[in-house]
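Peer 1: Numbering (full-length UniProt numbering), first residue to last: 1 to 525. C-beta atoms are modelled at their ideal positions from N, C-alpha and C, and glycine is treated no differently.
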C-alpha cells in the first residue's frame, strides 16, 4: 500500500506532504501512499518524533487530512497508540533524530511490503520488482520451500537482500536492516454450541461486520464470483443486502468442472440480484506461459505473484476497464473452517519425506530442507497461508488501480471459525448450509465435479512448457548453477509433458520450476 525510501539521521528531518508523497525537506526520505479511495494516510509530529501512516480506511468516518499535524508529546503518544490498534491493514513509519527508523506492519495484512537496503537507505514497496537492483542472489532455503510447494510465511524471500515485512513485525534501519517478529498470536479452540444457538445468524452477522468495517458498498465495487463456496457465500450476502448494485467477474476453468461452474455461477446470480456486467475470462484461452505471458517475455515479476498470471492479469484489466475500484474475494474461506491437527491428522508442512521430493529437486535444495522451518514468523492472528494468498493476488490488482477486500480474512471471521464445532467446519458445512438457506440447488450446495485450474495448468504444461524447458536446458539456468534444480531430473520430467502421458499427480508441480527460473532470470540478470 506504499513505496518508501528512508534515510536515517537526516540533517533536516522535517516532513511535509507534497500532494503526492511525504518527504523530508532535504528529499532524502520519501513515503508514497497507494492512491485509492479505500486508502488514507496521515502524519504527525511533536517537534522531534514523526509518525507517518498509510492504512486501509474504515467506514463511517471521513478520510484523514494528509497534512503533517503538530501535536504535543502527550497527544503524539495517544495518536501512536490509536494507530497500532487500527482494525484494518496499515503500515506505520516512525522517525526520530539520532535513532534508527522503524517500519511496522499491522496484523490484518491485505498487501505485501518488501524491503531492501544499502549502506544509507531503506527501500520498500508493495511491488517486488521495484527492489530488483538490491537483490544479491538466490536464497536456497526459500527456493527449496517453493520448489516442493511448502511455502513459509517469513521475513525471507527468494532473493537474498530482499525481505518481507510480515504482520506485526517491525523493521529497524539505522544503516543496516534488521526485522523483529512479534509475540505469537493467541487462538481459540472449538467449543460446544449453546442450546438453540443460531450458527448461520452468527455467521451472517460476523460477515456483515467484516464487510462493513470498510467503506466498500459503492457502485465501483465488484465481486470475484467463482461459483465456489467461499466467493459465493460472500457475494450472495452482499447482493442480498444491496440488490442490483454489484457486478461480478471470474476466471473460467476447463475440464469436467467447467459446465458445472457456469451453471453454479448462473444460479447464484439469478437467486439474488447482481448488476451487470458479469466479466468472464476463459483461462483456457489465456494460458499461463503463452507467448504474451510477462514471465516468458522477460519482464520482472515477483515469484510470489499469482501463478496463473496471464488469465489473472486479463481479468484485472477487464475489471479496471469496467471502472471498478474495489474487488471483493472469497480468499481465506478454506482456512477459516480448516480442521485442526487433532480432528484430521495430516503430515505437517515441515515433515518432508523422500516420496515428497520431486525428481527435479537438486542436491542443494534437498540439503536445506532440513532447515525449512528456521526463521519463520510466529503464529499470526490470520492463518499464514491466507496471508501468503493475499500477497499473491494484491500486486496485480494494485497495478490496475484495484483495491482487494477479503472478508474471510477479517480477524472477526477468523475468531468465529476457530470456535465452531467440527460438524460446522467439516467439508465447509458452514458455507454449504448458508447457500442452502438461500434456496440453492444440490448443484450449488453439493457439486459433483471438481472445480480447479488443473486442466489450465495441464494445457499450459503440455502446450507451451516443453519449448521453454528445452530452452532452459540448452541455455542453462541460475537454478542449475545453484544446485537447486537437477537438470537430468528435469529433462526426464519435461519429456513427460505430452497430452498422452501427462499425469497431474506427477507433473503439475513442475510449473514452479519455470516460474522460479523465469522470475530469477529476469530479476537477477
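Could you tell me the boundaries of the beta strand (DSSP E) in which residue 327 lies?
Peer 2: By one-based count along the chain shown, residue 327 stands at place 327. Residues 326-328.
Peer 1: Hey, which unbroken runs of the alpha helix (DSSP H) at 4 residues or more fall wholly within the stretch 136-178?
Peer 2: The stretch 136-178 contains these whole alpha helix (DSSP H) runs: 140-147.
Peer 1: In whole angstroms, what separates the C-alpha of residue 566 from that of residue 323?
Peer 2: It is not possible to answer for residue 566, since the shown part of the chain is limited to 1 through 525.
Peer 1: Across the stretch 425-442 and the stretch 210-217, are there enough close Cβ pairs to call them in contact, namely three or more that are closer than 8 Å?
Peer 2: Taking 8 Å as the limit for Cβ pairs, the verdict is that the stretch 210-217 does not touch the stretch 425-442.
Peer 1: Could you tell me whether the stretch 401-421 touches the stretch 188-204, using the rule of 3 or more Cβ pairs below 8 Å?
Peer 2: These segments touch.
Peer 1: Check each candidate in 82, 63, 288 and name the one with the smallest Cα separation from residue 310.
Peer 2: Position 310 of the chain shown, counted from the start, is the residue given in the question as residue 310. For residue 310, the nearest C-alpha among the options comes from 288.
Peer 1: Looking only at its own chain, which residues have a Cβ that is under 8 Å from the Cβ of residue 339, when we skip the five neighbours before and after it?
Peer 2: Here residue 339 refers to the residue found at position 339 of the chain shown. Excluding positions up to five away in sequence, the list reads 422, 425, 426.
Peer 1: Taking the alpha-carbon positions, what's the residue 371 to residue 480 distance?
Peer 2: By 1-based counting over the chain shown, the position of residue 371 is 371. By 1-based counting over the chain shown, the position of residue 480 is 480. When rounded, the distance between both Cα atoms is 21 Å.
Peer 1: Determine the burial state of residue 448: buried for a count of at least 16 other Cβ atoms within 10 Å of its Cβ, exposed for fewer.
Peer 2: As a first step, residue 448 must be located in the chain shown, where it is residue number 448. Its Cβ having fewer than 16 others within 10 Å, residue 448 is exposed.
Peer 1: Looking at the strands, I want to know which residues DSSP matches up with residue 282.
Peer 2: For the purposes of this step, residue 282 is taken as the residue at position 282 of the chain shown. Partner(s): 252.
Peer 1: What do you get for residue 486, buried or exposed, if any count of 16 or more other CB atoms within 10 angstroms of its CB means buried?
Peer 2: As a working mapping, residue 486 is identified with position 486 in the chain shown. Per the 10 Å Cβ criterion, buried.
Peer 1: Suppose you measure from the CA of residue 455 to the CA of residue 433; what does that come to, to the nearest Å?
Peer 2: If you number the chain shown from 1, residue 455 lands on position 455. If you number the chain shown from 1, residue 433 lands on position 433. So the two alpha carbons sit approximately 29 Å from each other.
Peer 1: Restricting to Cα atoms, I'd like to know which of 155, 174, 162 is closest to residue 182.
Peer 2: The residue labelled residue 182 in the question sits at position 182 within the chain shown. Checking every option, the nearest Cα to that of residue 182 belongs to 155.
Peer 1: Residues in its own chain within less than 7 Å of residue 376 by CB, not counting five upstream and five downstream?
Peer 2: For the purposes of this step, residue 376 is taken as residue 376 along the chain shown, with counting starting at 1. Excluding residues within five positions, the ones whose Cβ falls inside 7 Å are 152, 153, 154.
Peer 1: Measuring straight from C-alpha to C-alpha, what distance separates residue 573 and residue 126?
Peer 2: This structure cannot settle anything about residue 573, because the visible part of the chain is limited to 1 through 525.
Peer 1: Which runs of the beta strand (DSSP E), 3 residues or longer, sit entirely within the stretch 394-463?
Peer 2: Whole beta strand (DSSP E) segments, 3+ residues: 403-405.
Peer 1: Short check: CB of residue 428 to CB of residue 198, under 9 Å?
Peer 2: In the chain shown, counting from the first residue as 1, residue 428 sits at position 428. In the chain shown, counting from the first residue as 1, residue 198 sits at position 198. Contact flag unset, no.
Peer 1: In terms of alpha-carbon separation, which member of 401, 299, 408 lies closest to residue 383?
Peer 2: Residue 383 sits at position 383 when you count from the first residue of the chain shown. Ranking the options by Cα distance to residue 383, first place goes to 408.
Peer 1: In this structure, does DSSP put residue 234 in helix, strand or coil?
Peer 2: Locating residue 234 in the chain shown gives position 234, counting from the first residue. Helix at residue 234.
Peer 1: Candidates 292, 283, 232: which alpha carbon is nearest residue 271's?
Peer 2: The sequence position of residue 271 within the chain shown is 271, counting from 1. The option with the nearest alpha carbon to residue 271 is 232.
Peer 1: What is the residue span of the beta strand (DSSP E) that residue 40 lies within?
Peer 2: Position 40 of the chain shown, counted from the start, is the residue given in the question as residue 40. Residue 40 -> beta strand (DSSP E) spans 39-45.
Peer 1: Quick check: what's the CA-CA separation for residue 491 versus residue 362?
Peer 2: Residue 491 sits at position 491 when you count from the first residue of the chain shown. Residue 362 sits at position 362 when you count from the first residue of the chain shown. Approximately 13 Å between the Cα atoms of the pair.
Peer 1: For the 8 Å Cβ check, are there 3 or more pairs between the stretch 237-244 and the stretch 72-81?
Peer 2: At 8 Å Cβ cutoff, the stretches do not touch.
Peer 1: Could you tell me the boundaries of the beta strand (DSSP E) in which residue 123 lies?
Peer 2: As a position in the chain shown, residue 123 is number 123, starting the count at 1. Taken as a continuous stretch (DSSP letters only), the beta strand (DSSP E) holding residue 123 covers 122-125.
Peer 1: Measure the C-alpha to C-alpha separation of residue 248 and residue 304 and round it to an integer number of angstroms.
Peer 2: Indexing the chain shown from 1 puts residue 248 at position 248. Indexing the chain shown from 1 puts residue 304 at position 304. If you take the alpha carbons of residue 248 and residue 304, they lie about 25 Å apart.
Peer 1: Residues in the same chain with beta-carbon distance under 6 Å from residue 66, minus the five sequence neighbours each way, listed in chain order, please.
Peer 2: The sequence position of residue 66 within the chain shown is 66, counting from 1. For residue 66, where only same-chain residues beyond five positions count, the Cβ hits under 6 Å are 17, 41.
Peer 1: Extract the residue ranges of the beta strand (DSSP E) inside the stretch 73-117, only unbroken runs of 3 or more that lie entirely within it.
Peer 2: The stretch 73-117 contains these whole beta strand (DSSP E) runs: 90-95, 101-105, 114-117.
Peer 1: To the nearest angstrom, report how far apart residue 379 and residue 291 are at their CA atoms.
Peer 2: Indexing the chain shown from 1 puts residue 379 at position 379. Indexing the chain shown from 1 puts residue 291 at position 291. So the alpha carbons of these two residues sit roughly 40 Å apart.
Peer 1: Let me make sure I understand the geometry here. Which of 365, 308, 397 has the alpha-carbon closest to that of residue 150?
Peer 2: In the chain shown, the residue the question calls residue 150 occupies position 150. For residue 150, the nearest C-alpha among the options comes from 365.
Peer 1: Less than 6 Å between C-beta atoms, sequence neighbours within five positions excluded: which residues of the same chain meet that for residue 226?
Peer 2: Here residue 226 refers to the residue found at position 226 of the chain shown. Same-chain partners within the cutoff: 250.
Peer 1: With distances taken between CB atoms, is the gap from residue 70 to residue 91 smaller than 9 Å?
Peer 2: Translated into the one-based positions of the chain shown, residue 70 becomes position 70. Translated into the one-based positions of the chain shown, residue 91 becomes position 91. Result no, Cβ atoms of residue 70 and residue 91 do not sit closer than 9 Å.
Peer 1: I need the DSSP call for residue 369, collapsed to helix, strand or coil.
Peer 2: Position 369 of the chain shown holds residue 369. Three-state result, residue 369: helix.
Peer 1: In the structure shown, what three-state DSSP assignment does residue 341 receive?
Peer 2: The residue you call residue 341 lines up with position 341 of the chain shown. DSSP places residue 341 in coil when its eight states are reduced to three.
Peer 1: Output needed for residue 216: all residues of its chain with C-beta closer than 7 Å, excluding positions within five of it in sequence on either side, in chain order.
Peer 2: The residue labelled residue 216 in the question sits at position 216 within the chain shown. Once the five neighbours on either side are set aside, the close Cβ partners of residue 216 are 326, 328, 405.
Peer 1: Please state the DSSP three-state secondary structure of residue 357.
Peer 2: In the chain shown, counting from the first residue as 1, residue 357 sits at position 357. The answer is coil: DSSP assigns residue 357 none of H, G, I, E or B.
Peer 1: Quick check: the Cα distance between residue 545 and residue 60, rounded to an integer number of angstroms?
Peer 2: Beyond the ends of the chain as shown, which are 1 and 525, falls residue 545; an answer cannot be given.
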